[in-house]
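Sequential numbering from 814 applies to the sequence shown in the numbering used here.
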Amino acid sequence: MTAAMPLAVCASDLVFRYYEQGKRNILDHAGLKIPQGKITVLTGSSGCGKSTLGLVLGGLLPENGGVLESGSVSLFGTPLESLSPARRAGLFGMMFQNPDLQYCMDTLRREMLFCLENLQIPPEEMDERVRRTAAFFHMEKLLDRKLQTLSGGEKQKGILACLYAMESRCLFLDEPFANLDPASAGEILESLQALRDQGRTVLVIDHRLDYWLDCADEFQILGEGGRVLAQGITRDNLAEYRPLFLQEGIFYPEEKTPDTGRRRGVSPAANDLRADADDSRCAAKASGTAADGSRCAVKASGMASHASERPSDSSGAAVSSLAVDIRALARPGSVKKRLFRKPALEDGELLLADTRVSFAPGTITAILGSSGSGKTTFFLALLKQCPFSGEIRVEGKSLAEYRPKDLYAKVGIVFQNPANQFITQQVEEEILTSIRIWNPGLSQEALKEKAEAMLDLYGLKRYRNYSPYMLSQGQQRRLAVLSVLAGQQRILLLDEPTYGQDYRSSQAMMSQIREKAEKEKLTVLFTTHDEALAGQWAQRRLYLRNRRFRTEEEVHGNH
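This is the structure in structure tokens:
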């Protein structure tokens, strides 16, 4: 990057904190320069201030909270403070890490129209922009679907479509591939490269750089306080910065072994999340509160388990010894025999059919599949939160026979959006609530001691008096997992447990989950789009394709 290159974003000496009397600055003399017409990717440890920096650049902070003690931001040469909200949106469009925080309407079409109305686009032009945008992203079939029926990945693509329709000159994307399968991510990358070719600027936050190696113009590494530790990184000189990646505990790309997909470089010995505590930063949400998700499994102590066996596999386990046994006989096209159907889908669209699968105690199973394939809905069906036909048995008993209270005492879940399951306004109280439920006889002193020990292990002790909603997305994910592990449930469902985590945090979390699963014979199912993660931590991988579970051998063949 040369000094003469025109800048889309220029920020200098930013000092920001969330509380007037706070002792810690989330951004501590941070600065950033982003060239126009390029794709720039920012990475750094979980909680270092990346998302907060983006919210300050977009003007959402301190306008909606916090204190900006010093610093300046300009967008395309214009001081941020002189821009109206509409003009700001035209220059700097934002995709949050959690797309649920951004939607205002109930369908994607209405959301796009709402965005365009706010920009005062002439009515006669709106419909054409929506049509053109939907075609560009191949989302015509999703335009009139209720948003609550879309997967997390589909919602992310929807927000990107809104930014495209608004014709924002710079697109800021916070973890854009967190809920996307590789194929969908590839489509988005092609779209972003096309936008760059049109002169748009793309600024990205991502923990994983693999997707970006062939298209990003520059990588920058952020450290504590949001300060730039290194810039001007490209695929050609990436190896020079490998020691810095390892030092900061962040993912270094292109380091996989061919047999398991395990990554080399950072030793799993760094599996104490306390190592991340000093790097963690409070990256509060720009707006919004937890969506209505009731805490489906009161907060349980579950642990990842895997071992999903088809009846044709000889697991050797008696049916009564299986943690979960599914024998569903639904057939495609059968109106009466539907399995798992999303609300509001038309014509009885199947989400899963011809299912014969079981999961044994003490096992960890990874469930992979494209965005919208039904992974999350499968979890909801296991909790009786989604209609189905056929039979599901939990610990030898039909799901239909369980009262909700009894079922949730056995099965716990961590939602794809962890904020949907927080039930208190304090980090420590979240853990205390879980411990109290399962340990009613413990004294208050013992409860507090146990809660603080768990928070310390996960690098969250210093935030024990914070609201869960003031944590970064990665920290929220850790808190949600921890609150479930504090209970005593025997079956745990983890929906994308490691998204928003750096390498160190991901390895530590999965290591502790596996240790507990093996020790306590818990059954853990986790969804992911990360083949390397699944290969490293799961005993068995199942792929949800064409409404059926496929084994690893069926998908990849024998190697």
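Backbone N, C-alpha and C fix where the C-beta goes; we use that ideal spot for every residue, glycine too. This one's a predicted model, so the numbers in the text were calculated from it and none came from an experiment.
State yes or no: is the C-beta of residue i within less than 8 Å of the C-beta of residue j?
i, j, result
"G1038", "H842", "yes"
"G1012", "D994", "no"
"R1290", "K1223", "no"
"Y1356", "N992", "no"
"L896", "G971", "no"
"G1062", "S858", "yes"
"Q1352", "I1177", "yes"
"V886", "L870", "yes"
"L1298", "K1329", "yes"
"L1181", "K1197", "no"
"Q933", "A902", "no"
"G872", "F829", "no"
"R1048", "G850", "no"
"L827", "G844", "yes"
"S1376", "Q1325", "Absent from the structure is residue 1376, since the part of the chain shown begins at 814 and ends at 1372."
"M908", "L973", "yes"
"D949", "Y977", "In the sequence as displayed, the identity of residue 949 is Phe instead of Asp. For F949 and Y977, yes; Cβs fall inside 8 Å."
"M939", "L929", "yes"
"L914", "L904", "no"
"L1057", "L1042", "yes"
"T862", "L1035", "According to the sequence shown, residue 862 is Gly rather than Thr. Result yes, Cβ atoms of G862 and L1035 sit closer than 8 Å."
"I847", "V822", "yes"
"R1327", "W1350", "yes"
"A1213", "Y1282", "no"
Apply the 10 Å Cβ neighbour rule to residue i and answer buried if 16 or more other Cβ atoms are within range, or exposed otherwise.
i, result
"F927", "exposed"
"T1070", "Summary for T1070: the model assigns pLDDT 37, below 50, so the residue's position carries little reliability; its value from the coordinates is reported in the next sentence. With fewer than 16 Cβ atoms within 10 Å of its Cβ, T1070 is classed as exposed."
"P989", "buried"
"S1100", "Because the pLDDT of S1100 is 31, which lies under 50, any placement of that residue in the model is unreliable, and the question is left without a value."
"K1188", "buried"
"N838", "buried"
"S1256", "exposed"
"S883", "exposed"
"K968", "buried"
"E1366", "exposed"
"R1055", "exposed"
"E1309", "buried"
Just curious, the beta strand (DSSP E) that residue i is in, first and last residue?
i, result
"H951", "Looking at the DSSP string, H951 is not in any beta strand (DSSP E), and its letter there is neither H nor E."
"K1329", "First-last for K1329: Y1316 to E1333, but that is the alpha helix (DSSP H), not the beta strand (DSSP E)."
"A983", "Strictly speaking, residue 983 in this sequence is Cys, with Ala absent from that position. Per DSSP, C983 belongs to the beta strand (DSSP E) from C983 to D987."
"E1204", "E1204 to V1207"
"E882", "V880 to L888"
"K1188", "Per DSSP, K1188 belongs to no beta strand (DSSP E); it is in the alpha helix (DSSP H), K1188 to L1195."
"L874", "Taken as a continuous stretch (DSSP letters only), L874 belongs to no beta strand (DSSP E), as it is neither H nor E."
"L1181", "I1177 to G1182"
Nearest by alpha-carbon distance to residue i: which of the options is it?
i, options, result
"L963", "I1001, M1322, P912 and F889", "P912"
"D1027", "C983, E1242, L1002 and L868", "L1002"
"E1241", "L1059, A1266, T920 and N877", "A1266"
"T856", "Q1198, D1023 and S1186", "D1023"
"V1227", "Y1215, L1306, A1299 and S1247", "L1306"
"V1207", "K954, L874 and I1139", "I1139"
"Q1229", "P875, E937, M952 and F1339", "F1339"
"S1186", "R1169, L1245, T1341 and P936", "T1341"
"R958", "N931, E938, E924 and T891", "E924"
"M952", "P935, G1254, M818 and S997", "S997"
"N1359", "A1264, L984, S1183 and G999", "S1183"
"K1210", "P875, N1050, C975 and L1135", "L1135"
"E1000", "W1025, L881, I1018 and Y1276", "W1025"
"R1361", "F1191, G1254 and H1369", "F1191"
"R945", "Q1006, K836, L960 and M979", "M979"
Contact defined as beta carbons within less than 8 Å: I believe residue i pairs with residue j. What is the distance between those atoms, to the nearest angstrom?
i, j, result
"S1171", "D987", "Not really, about 38 Å apart at Cβ, beyond 8 Å."
"P1174", "T1336", "5 Å"
"L866", "L840", "6 Å"
"S981", "G906", "3 Å"
"A1321", "A1179", "Actually they do not touch by this definition, with Cβ atoms about 18 Å apart."
"L1245", "L1260", "6 Å"
"Q1234", "H1020", "Not really, about 22 Å apart at Cβ, beyond 8 Å."
"L1195", "V1137", "7 Å"
"G860", "G1287", "6 Å"
"S1247", "S1296", "5 Å"
Taking residue i as part of the alpha helix (DSSP H), name the residues at either end of that continuous run.
i, result
"Y977", "G965 to M979"
"A1351", "Where A1351 is concerned, there is no enclosing alpha helix (DSSP H), given that its DSSP letter is neither H nor E."
"R1055", "R1055 to E1061"
"A1266", "Q1257 to L1270"
"K1006", "At residue 1006 the sequence reads Gln, which differs from the Lys that was named. That run of the alpha helix (DSSP H) goes P995 to D1010."
"R1291", "Q1286 to L1298"
"E1242", "V1240 to W1251"
"K863", "K863 to L870"
"R901", "P898 to L904"
"H1369", "E1365 to H1369"
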